[in-house]
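Trainee: First, the structure itself, so that you have it in front of you.
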Amino acid sequence: MPGTRSLAARAAARAEAGRTASLIIPRLYLSNYMVATDEDILHELGITHIISVTEYPPEYEDGKYRTLRIELEDSFRANILQHLDVTTEFIKSALEENEINKVLVHCVMGISRSATVVCAYLVATTPMIASEAIEYVIDKRSIVSPNIGFRSQLETYAVKFYGKGLKTKGNVKARFSETVVDRVRRLKGQKSAQLAVNDDVSLESET
1 MPGTRSLAAR
11 AAARAEAGRT
21 ASLIIPRLYL
31 SNYMVATDED
41 ILHELGITHI
51 ISVTEYPPEY
61 EDGKYRTLRI
71 ELEDSFRANI
81 LQHLDVTTEF
91 IKSALEENEI
101 NKVLVHCVMG
111 ISRSATVVCA
121 YLVATTPMIA
131 SEAIEYVIDK
141 RSIVSPNIGF
151 RSQLETYAVK
161 FYGKGLKTKG
171 NVKARFSETV
181 VDRVRRLKGQ
191 KSAQLAVNDD
201 VSLESET
């Protein structure tokens with residue numbers, strides 16, 4: 001059945017995403033704990049800077065990487081907001097220092113805590129609002145899903161950047177509405193395409 005195969009394919013894609021480091025923007029990666037402690041992968045990617053956002057950050061050989069440790073649980077009550085200026089500046093400084101540095105941000109699963117840190121960087125350095133940053137990162141790493149508390153804190157973090165560049169209070173609402181409309185249109189298009197596929201399969205089975 002097409003629907004079953006589609007679900008299986010999505011599940012496989014999500015599982016694969018969890019086992020790899022996802023490139024979010026050039027030289028900025030997002031991963032889980034296992035990838036962040038695999039020296040072969042880190043060497044292959046050329047990672048120079050690592051942000052660990054977990055209750056038990058891994059230990060690295062002295063001087064091998066520049067590291068930032070944020071000891072934080074994945075709870076909607078956890079205060080990740082207080083760390084976002086520091087994490088954003090760490091990423092920004094690393095990427096601006098030269099064209100070689102590469103940053104890896106990780107937590108345990110690469111789903112909530114580390115994803116929020118990456119989204120905060122995008123909010124601070126691009127015209128994206130919080131919801132757009134989350135959607136963008138999900139597009140790069142399908143398993144991403146910041147918990148509800150982190151989403152709220154990311155929205156709060158984004159407020160400080162209103163009025164800078166393209167991110168203004170006046171156009172945030174309009175751009176958010178456009179994003180919702182575009183998303184609805186895309187979902188409708190996917191549904192129509194799936195219905196067309198199902199019709200084709202039905203016709204083939206009848207012939």
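Numbered according to the UniProt record's numbering, the sequence shown terminates at residue 207, and the numbering increases by one at each position without gaps.
Where is the CB? At the ideal position from N, CA and C, for every residue including glycine.
In this text the structure is predicted, and so the values were computed from the model without any measurement.
1. Less than 9 angstroms separating the beta-carbons of V103 and I80?
2. From what residue to what residue does the beta strand (DSSP E) around V69 run?
3. Using only the alpha-carbon positions, how far apart do A124 and T54 sit?
4. Around the Cβ of T163, are there at least 16 other Cβ atoms within 10 angstroms (buried) or fewer (exposed)?
5. What would DSSP say about I134, mapped onto helix, strand or coil?
6. Helix, strand or coil for residue 209? Go by DSSP, reduced to three states.
7. Name, in chain order, the residues that DSSP records as bridge partners for H49.
8. Take S114 and list the residues in its own chain whose beta-carbon comes closer than 7 angstroms to its own, dropping the five residues that flank it on each side.
9. Determine the closest residue to I91 out of E99, R69, Y121, with distance taken between C-alpha atoms.
10. Can you have a look at G110 and say buried or exposed, based on whether 16 or more other CB atoms are within 10 angstroms of its CB?
11. What is the DSSP secondary structure of S22, counted as helix, strand or coil?
12. What does the alpha-carbon distance come out to for the pair T20 and L84?
13. Please report how far the alpha carbon of L45 lies from the alpha carbon of A8, in whole angstroms.
14. Looking at the structure shown, is M109 part of a helix, part of a strand, or coil, going by DSSP?
15. Provide the residue span of the alpha helix (DSSP H) that contains K92, from first to last.
16. Specify the secondary structure class of E39 as computed by DSSP and reduced to three states.
17. Around the C-beta of E206, are 16 or more other C-beta atoms found within 10 angstroms, so that it is buried, or is it exposed?
18. Identify, in the order they occur along the chain, each residue of the same chain with its Cβ nearer than 6 angstroms to the Cβ of M128, setting aside the five sequence neighbours on each side.
19. Less than 8 angstroms between the CB atoms is what I'm expecting for K140 and S22, so what's the real figure, rounded?
20. Would you tell me roughly how many angstroms separate the C-alpha atoms of I100 and H49, rounded to the nearest one?
21. Counting contacts by CB-CB distance shorter than 9 angstroms, is I134 in contact with chain B?
Mentor: Taking the definition as stated:
1. Contact: no.
2. Going by the sequence as given, residue 69 is Arg instead of Val. R69 -> beta strand (DSSP E) spans 66-70.
3. Taking the Cα positions, A124 is about 22 angstroms away from T54.
4. Correcting the residue type first, residue 163 is Gly in the shown sequence and not Thr. By the neighbour-count rule (16 or more Cβ atoms within 10 Å), G163 is not buried but exposed.
5. Here I134 sits in helix by DSSP.
6. Nothing in the structure corresponds to residue 209, since the chain is present only between 1 and 207.
7. DSSP lists R66, V103 as the beta-bridge partner residues of H49.
8. Cβ contact annotation for S114 (same chain, cutoff 7 angstroms, sequence separation greater than five): L30, V53, V105, H106, C107, in chain order.
9. When each option's Cα is compared against that of I91, the closest is Y121.
10. It counts as buried.
11. In the displayed model, S22 falls within a strand according to three-state DSSP.
12. In this structure, the alpha-carbon of T20 lies about 24 angstroms from that of L84.
13. Near 29 angstroms, if we compare the C-alpha coordinates of A8 and L45.
14. Three-state result, M109: coil.
15. Counting along the chain, the alpha helix (DSSP H) containing K92 begins and ends at 84-97.
16. If DSSP states are grouped into helix, strand and coil, E39 belongs with the helices.
17. Any reading at E206 needs caution, since the residue's pLDDT is 49, under 50, leaving its predicted position unreliable; the model's value is listed next. It counts as exposed.
18. Cβ neighbours of M128 beyond the five flanking positions: L122.
19. Cβ-Cβ separation between K140 and S22: approximately 5 angstroms, consistent with a contact (criterion under 8 angstroms).
20. Note on geometry: alpha-carbon atoms of I100 and H49 lie some 11 angstroms from one another.
21. Annotation note: the requested chain B is absent from the structure, which comprises a single protein chain.
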